[in-house]
Amino acid sequence: MPKSKFLALPGIQYPLGATYGRAGVNFSIFSEHATGATLCLFGGADGNEEVARIRMSERTEHIWHTYVPGVRAGQRYGYRMSGPYDPPAGHRFNSAKLLIDPYARALDRMPRWHETMMGYRSITTGTAPLLDMRDSAPAMPKCVVVDSAYDWEDDRKPAIASQDLVIYEAHVKGMTATHPEVLRRTRGKYAGLASPAVIKHLSSLGVNAIELMPVHQTAPEHRLEKLGLTNYWGYNSIGYFAADVRFATGNAPGGCVTEFKSMVKAFHQAGIEVILDVVYNHTGEGDETGPTMCFRGIDNACYYRLRPDGSGRCEDFTGTGNTLNMSHSRVLQMVMDSLRYWLVEMHVDGFRFDLATTLARGPRGEFGASPFFAAITQDPMLSTAKLIAEPWDVGEGGYRVGNFPVNWKEWNGKYRDGVRDFWRGADDSMGEFASRVTGSSDLYRAGGRPPLASINFVTAHDGFTLTDLVSYNQKHNEANGEDNRDGDDNGRSWNCGVEGPTDDPAIRTIRGQQKRNFLATLILSQGVPMILHGDELGRTQRGNNNAYCQDNPISWIDWQNADQALIDFTRRLIELRRKHPIFRRRGWFTGVPLKRNRLKDLEWFRPDGAEMSAGDWNVGYAKTLGSFLNGNAITEHDSTGARITDDSFFLMFNSYREPMEFKLPPKKWGRKWTIVLDTADPATLSDSRSHLFEERVHVAGHAMVVLRRVA
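Residue 664 in our numbering sits at position 663 of the sequence shown, with consecutive numbering throughout.
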């Protein structure tokens with residue numbers, strides 16, 4: 002054991018973590034059941050030499066703390082915790098294992114699995130496996146003391162109104178790994194993502210919020226490493242305050258923090274918000290047979306939910322082996338502290354919560370009984386951030402779409418399914434489609450939530466890309482090493498006649514129309530649209546609908562072969578949405594005429610021009626639908642108090658394979674119209690001045706046409 006050359010003073014319990022000051026660093030760590038805590042400092046040429054062990058003699062409110070004068074920013078450190086080893090009771094202390102500080106602001110390198118990280122040996126005595134007393138420090142990454150000082154200049158959060166949001170889901174590395182206009186050394190890094198080329202692309206599209214897949218420090222699984230793969234997506238957090246070092250350009254300890262801040266500042270300067278996909282439902286340590294890297298060794302019985310059967314095994318609502326114990330006050334505190342850190346210190350604008358149903362589960366697994374929602378709601382800062390739930394987990398009753406608090410938005414999986422079913426021509430899909438594109442009132446209205454509670458998406462990181470959605474009937478995940486058993490077996494996709502790539506011009510034409518149908522439906526639906534990165538330029542994953550472990554061209558955007566026509570189409574669509582508030586209403590359609598207007602704010606029509614009756618919605622084989630959006634019947638007001646008005650539009654949807662003739666509604670709905678969008682002819686997406694006087698409009702098979710009323 003190395004002798005300490007450092008003076009250790011009592012220090013204070015708050016704030017938790019390693020707090021840097023000019024004269025030294027205060028270290029504090031929570032553990033309710035530990036009997037001892039040791040701070041380990043590291044140095045040497047590679048930062049891997051253990052130069053000091055400092056016994057933390059002070060303990061206040063279950064928090065171990067010490068102040069060490071002379072320690073500077075960049076110092077590497079970790080902890081060793083002593084305590085009972087009693088697996089059935091949930092205690093798995095092992096002082097031979099170096100542990101990551103849950104509040105660490107950075108790690109010095111990416112975690113890599115090593116057998117010494119295991120807290121026990123496979124040989125068992127009685128009911129408990131034997132302790133593994135091999136020192137894990139040489140294999141473990143080290144925490145880094147970070148100086149939080151940074152010149153934010155005049156950075157201000159864009160504060161984009163919900164009705165104006167256009168979200169772009171992206172992976173930090175996948176966006177720029179092959180981008181020819183990004184400096185080679187910054188490709189796949191925070192700096193590369195904030196490069197002028199990427200910001201120009203997003204700004205030109207009209208995107209004003211980027212939702213980053215996990216940037217908390219992640220840990221790869223041993224199973225994947227044995228296959229030569231890695232957890233590319235990063236849904237395997239091991240540090241909730243640390244920016245993932247995978248995406249740092251340089252090797253300077255803690256440099257990832259400054260690089261991340263510079264990225265956020267660059268996005269804000271361009272008027273783009275930054276939303277983080279956060280994984281507070283589980284950690285990268287896996288189940289009780291997994292490694293001891295952080296929470297398991299600090300206080301397993303507090304940090305993880307354990308089964309009520311006395312086995313000491315982890316409860317698993319996440320499908321990953323463990324579930325973070327949000328019912329414990331200190332664990333909840335850690336999550337709240339983490340969220341505030343990213344808002345205040347890192348200047349992000351909001352969060353998308355992975356498997357958010359898990360966070361709301363109470364002590365017996367019941368939804369809504371956790372103090373998590375209450376903690377968010379009472380916090381004046383967190384409650385006003387953008388909060389987005391992935392409203393499901395794998396536990397019983399886990400699908401909770403429409404059940405989150407009033408100030409939350411949700412990934413609307415029913416929107417995805419309903420829109421996919423309609424455009425692939427499924428029977429009995431028309432009513433569901435109509436409900437989804439008008440904001441999903443069945444999910445949100447009764448709870449006092451607006452259409453903007455719905456985050457609408459057709460594709461996301463989990464599943465087919467847009468190009469693959471129209472090119473494959475079956476998943477093709479063989480590269481993942483699981484014999485194609487992983488991933489969703491029901492992607493609601495349609496390959497348009499041939500599985501995979503084809504040179505057949507007819508099939509390529511249909512696929513192009515289908516991609517434009519999905520994009521047009523998404524952008525012009527009520528709610529908040531979310532685009533998956535690369536969909537606008539035709540990205541493919543070669544039929545892999547679960548590319549979580551593919552850190553290679555399967556997942557990366559292929560900028561060299563971008564579909565420029567599709568990019569232009571997407572850009573013009575978003576511009577159409579931006580110009581016309583009828584497509585981004587804050588309130589619900591009422592379906593009744595206003596006193597000053599003889600027309601309803603929303604009306605549905607059959608192809609023969611007649612209004613839809615109740616019975617028409619029950620015609621299972623019907624696949625054509627017209628929709629009138631009345632721009633003179635918006636009940637909302639702008640920031641000056643003036644009533645919002647807009648043009649009126651008539652939308653025609655045809656998911657039949659054959660073309661259809663739509664008879665326009667009677668003259669009271671409009672005498673003159675102009676075509677602003679035809680997905681069978683993308684060049685028509687414009688504010689064309691040519692007027693239609695015909696009573697009928699030809700809509701191609703698998704196509705959507707939008708008319709704007711001019712008189």
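Quick reminder that beta carbons are idealized off the backbone N, C-alpha and C, glycines included. These numbers come from a predicted model, not from an experiment.
| query | result |
| --- | --- |
| What residues in its chain sit with their C-beta under 8 Å from that of leucine 8, if we drop five residues either side in the sequence? | Val69, Pro70 and Gly71 |
| Measuring straight from C-alpha to C-alpha, what distance separates arginine 644 and histidine 581? | 14 Å |
| Which whole-angstrom value is the C-beta distance of serine 455 and serine 436, which I expect to be below 8 Å? | That belief does not hold up - the Cβ atoms of serine 455 and serine 436 are roughly 11 Å apart, past 8 Å. |
| Under 8 Å, with one C-beta from each stretch per pair, do the stretch 88-102 and the stretch 131-139 reach the 3-pair mark? | yes |
| Taking buried to mean at least 16 other C-beta atoms within 10 Å of its own C-beta, is alanine 611 buried or exposed? | exposed |
| So the candidates are Asn485, Gly22 and Gly398; which of them puts its Cα closest to the Cα of threonine 319? | Gly398 |
| Verify whether the separation of the beta carbon atoms of phenylalanine 663 and valine 700 is less than 8 Å. | yes |
| Would you list, in sequence order, the uninterrupted beta strand (DSSP E) runs of no fewer than 3 residues that lie entirely inside the stretch 496-562? | 529-533 |
| With a threshold of 16 other CB atoms inside 10 Å of the CB of serine 312, please say whether the residue is buried or exposed. | exposed |
| With 16 other CB atoms within 10 Å as the buried threshold, where does leucine 388 fall? | buried |
| Where does glutamate 346 fall in DSSP's three states? | coil |
| Taking the alpha-carbon of alanine 386 as reference, which of Leu340, Asp418, Ala361 and Asp428 has the nearest alpha-carbon? | Leu340 |
| Could you have a look at glycine 22 and say whether DSSP puts it in helix, strand or coil? | coil |
| Taking the CB atoms as reference points, tell me whether glycine 48 and methionine 141 lie closer together than 8 Å. | no |
| Count the C-beta pairs between the stretch 27-38 and the stretch 55-69 that are closer than 8 Å, then say yes if the count reaches three, no if not. | yes |
| Would you mind stating whether glycine 627 and leucine 603 have Cβ atoms separated by less than 8 Å? | no |
| Starting from phenylalanine 654 and walking both ways along the beta strand (DSSP E), at which residues does that stretch end? | 650-655 |
| By alpha-carbon positions, which one of Gln561, Arg60, Phe570 and Cys295 ends up nearest to glutamate 33? | Arg60 |
| I need the DSSP call for alanine 38, collapsed to helix, strand or coil. | strand |
| Less than 8 Å separating the beta-carbons of arginine 517 and phenylalanine 590? | no |
| For a minimum of 3 consecutive residues, which ranges assigned as the beta strand (DSSP E) are wholly contained in the stretch 256-338? | 274-279 |
| Considering only C-alpha positions, which residue in the set Gly235, Phe242 and His269 is nearest to glycine 734? | No information on residue 734 is available, as it lies outside the stretch 2 to 712 that the chain covers here. |
| Mark methionine 57 as exposed unless 16 or more other C-beta atoms lie within 10 angstroms of its C-beta, in which case mark it buried. | buried |
| Among Trp605, Gly621 and Tyr622, which has the Cα closest to the Cα of serine 614? | Trp605 |
| Is the stretch 627-642 touching the stretch 676-687, taking contact as three or more C-beta pairs under 8 Å? | no |
| Ordered along the chain, which non-local residues of its own chain (more than five positions away) have a Cβ less than 7 Å from that of asparagine 301? | Gly91, His92 and Arg93 |
| For the beta strand (DSSP E) that tryptophan 412 lies in, which residues bound it at each end? | 410-412 |
| Which same chain residues, not among the five before or five after asparagine 474, have their C-beta less than 8 Å away from its C-beta? | Ser494, Trp495, Asn496 and Glu500 |
| Could you please give me the residues that DSSP links to serine 58 through a beta bridge? | DSSP, once it has assigned bridges, lists no residue as partnering serine 58. |
| Checking contacts by CB at 8 Å: is threonine 510 closer than that to chain C? | Here there is only one protein chain, and chain C is not present. |
| Among Glu411, Ala480 and Val438, which one has its Cα closest to the Cα of aspartate 422? | Val438 |
| Can you check which of these residues, Gly592, His223 and Asp429, is closest to methionine 119 by C-alpha distance? | His223 |
| For isoleucine 635 versus arginine 586, is the C-beta spacing smaller than 8 Å? | yes |
| Using the three-state DSSP reduction, which class does glycine 627 fall into: helix, strand or coil? | strand |
| Helix, strand or coil for tyrosine 68, going by three-state DSSP, please let me know. | strand |
| According to DSSP, which residues form a beta bridge with valine 700? | Met661 |
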